[in-house]
């Protein structure tokens, strides 16, 4: 297995515009497609990788989302309800009602002809996608994988979220649903090609874990047992990992943890969003050689997501400067 | 694969329009039967097409959607000989294109779903339903790459076992047909006006189907220890993207070629080892031509000597279940050394590079040791599985 590095990261927020060359593609996408596409193209282009003339068999896309193309499904359903005949429908809208629409659009725009996989496992989907993408690179199925996590939010989803939030109880009060796109680019190559930075940071994917445990306390115990193992395997250079809960913790899953997770709901995009934001922050700090936040030792960063149904996905990254 | 654990198939389960269970699928396929009928579940008068391969079933008393019921039944059959399945080393991997659509469209139409409507439209609910029912506490995941979903779920499940995340995984796919999907394919003019005829010179489109297929994948050593009957091995999986068009396949089939080549590499096999192909074979002009081009390229001159089956003429295009049902068919071909005929296929175009088994089942002279199962999907996603005789 090869070491896997995060070499680029990007975010996309609601109602953002894309690059001019992507305007035609963006017009045919739903909100999920646009947020995922924007985040993916930004991470890819920020890294400076050119679009190959022919699809690159060694480059792929792995996407994680809870609701995926739900906005396009909603639109096709509305059109169907009003249609007197099939000609009243829009084939292009139906074509967007597949959860791998972001994979297809990114593959075409960026010339990525390798692996194409989409995970739709609730709030754990984004980190699952990251684990799968890292596996593809580590096992040499691909040299470069763009991992994208996205949720597009339309009015019908906001309405439904209001109902779901109520059902989750007081711990969910005030939690807002936020449209989110996030992306990280994984590569096997160990050395960053971005020579402009004064101080270079490496962020390596260390391990990921997936399990299903409906009981929150048992899930917490399994998660921390896994973390203990990761820290032990990381050896003497590593400090104890900082654990970042990436989703609102409605069940007190990380009982006793000071970190209670964000008060916004990004569903399947949550885990990759937190990582992409962290990477972007660190890159910004690294651009300033005098930054007091640049650690000289290796540190472990843990990210965990838990779906309210019981699924858990977590990853540990290792970060250091050289 | 070095010292990595080998992955075997120790259970299979199927729900298709040919009937309940694997035996209905296999016997129906051998007889060349087609389950394609005029649609009575919903009004098709707005549409051009009128036929599909649907299962005569109603939603469950607990409100469970049809795809969930199909998945539950197929899972029970796949686990029939394995009462101990479950625990922290047991995983679930489900592929689906449409799961959750029924609940979502119902809620959209009436806004009466109440609390939980967002969750009921969640495609990931399918795998978690099976995890709860069968006590799986290992990795539980739902994969959705349109019509390649079932194959991807099987491939990812096999990788979980090889990398030590699980020792057994229930893997497969499920989908159900509704006016939503029927209308969409009809709007794209992808549906046949009669029945799907995979690789036939007169093919005019696909016919939708529904159902579920599940395989119990297991670490070979564990299967041996518990004395399980082994049907086949899952040796390789590959994924590849056309990077060409959202709904039209790359005419040269380059994405599918990449998927097949990756699967062969993972299996440690050469294209010359392939003895049987369970093709995606939708019966559309573009898909079948793409697949002919891809298989001709990968298999070379041997393409005309490798028997090919396309099951969609019998059970329709079952979308997210298709890749899993075709993996089941491949496992049965390997175990029983017979190739069912392709229902709906009568005559290939004169210059077709493939040997599509037609009319009657084939008992090949050369033993079938390696099977290739291919899937292609909207979004330009392709998946391939390599299965080996146990």
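Residue numbers (my numbering), protein chains in the order written: chain C, 2 to 323; chain S, 5 to 394.
The beta-carbon is built from N, C-alpha and C at its ideal position, and this holds for glycine as well.
Bear in mind the structure is a predicted one, so any value in this text is a computation, not a measurement.
- Taking a Cβ-Cβ threshold of 8 Å, the residues of chain C close to residue 147/S are 118, 119, 120 and 121, in chain order.
- Under the three-state reduction of DSSP output, residue 350/S falls in the coil class, being neither helix nor strand.
- With a minimum length of 3 residues, the unbroken runs of beta strand (DSSP E) contained wholly in the stretch 219-278 of chain C fall at 243-246.
- By the neighbour-count criterion, in which a residue is buried when 16 or more other Cβ atoms sit within 10 angstroms of its Cβ, residue 177/C is exposed.
- For residue 71/C, the enclosing alpha helix (DSSP H) stretches over residues 71-83.
- Within chain C, the residues whose beta carbon sits less than 7 Å from that of residue 135/S are 213, listed in sequence order.
- Under the Cβ criterion of 8 Å, residue 143/S is counted among the residues facing chain C.
- When only Cα atoms are considered, residue 302/S and residue 276/S end up about 9 Å apart.
- Contact check between the stretch 240-248 of chain S and the stretch 65-77 of chain S: fewer than three CB pairs, one atom from each, fall below 8 Å, which does not count as touching.
- Among the CB atoms of chain S, one or more fall inside 8 Å of the CB of residue 98/C.
- Considering only beta carbons, the part of the stretch 49-73 of chain C lying closer than 8 Å to chain S consists of 56, 58, 61, 62, 67, 68, 69 and 71, in chain order.
- Each of 308/S, 220/S, 307/S and 285/S was checked against the Cα of residue 94/S, and the nearest Cα belongs to 220/S.
- Chain S has a Cβ within less than 8 Å of the Cβ of residue 162/C.
- One alpha carbon belongs to residue 46/C, the other to residue 39/C, and they sit about 11 Å apart.
- Residue 248/S carries a coil assignment under DSSP once its states are collapsed to helix, strand and coil.
- Think of a sphere of 9 Å around the beta carbon of residue 104/C: the chain S residues whose beta carbon falls inside it are 149, 245, 383, 384 and 385, in chain order.
- Residue environment for residue 30/C: buried (at least 16 other C-beta atoms within 10 angstroms of its C-beta).
- The beta strand (DSSP E) runs of length 3 or more contained entirely in the stretch 302-343 of chain S are, from start to end of the chain, 311-313.
- Burial is judged here by how many other beta carbons sit within 10 angstroms of a residue's own beta carbon; residue 182/S has at least 16 and is buried.
- Take residue 154/C, set aside five residues on each side of it, and the residues of its chain with a beta-carbon closer than 6 Å to its own are 178 and 180, in chain order.
- Of the candidates 44/C, 24/C and 255/C, the residue whose Cα lies closest to the Cα of residue 146/C is 44/C.
- Sequence-ordered contacts of the stretch 169-198 of chain S with chain C read 169, 183, 184, 187, 188, 190, 191 and 192 [C-beta pairs closer than 7 Å].
- For the stretch 358-369 of chain S, the set of residues with a beta-carbon nearer than 9 Å to any beta-carbon of chain C is empty.
- Following the DSSP letters along the chain, one finds residue 61/C in no alpha helix (DSSP H) but inside the beta strand (DSSP E) bounded by residues 60-65.
- Counting C-beta atoms within 10 angstroms of its own C-beta, residue 25/C has fewer than 16 neighbours from the protein chains shown and is therefore classed as exposed.
- Counting C-beta atoms within 10 angstroms of its own C-beta, residue 109/C has 16 or more neighbours from the protein chains shown and is therefore classed as buried.
- Per DSSP, residue 49/S is not a residue of any beta strand (DSSP E), being assigned neither H nor E.
- Within chain S, the residues 122 have their CB atoms less than 8 Å from the CB of residue 158/C, given in chain order.
- Residue range 129-138 is occupied by the alpha helix (DSSP H) that includes residue 137/S.
- Each residue's CA atom was taken as its position, placing residue 236/C and residue 167/S some 22 Å apart.
- Note: residue 211/C is bridge-paired with 314/C in the DSSP secondary-structure output.
- Neighbours of residue 109/C in chain S, taken as residues whose beta carbon is under 9 Å from its own, are 245, 246, 247, 248, 249, 250 and 384 in chain order.
- Residues of the stretch 259-286 of chain S that bring their beta carbon within less than 7 Å of a beta carbon in chain C comprise 259, 262 and 266, in sequence order.
- Annotation for residue 133/S: 72 place their beta carbon closer than 7 Å to its own, counting only its chain and skipping 5 residues before and after.
- For residue 142/C, the closest Cβ of chain S is nearer than 8 Å.
- CA-to-CA, the gap between residue 73/C and residue 64/C works out to about 17 Å.
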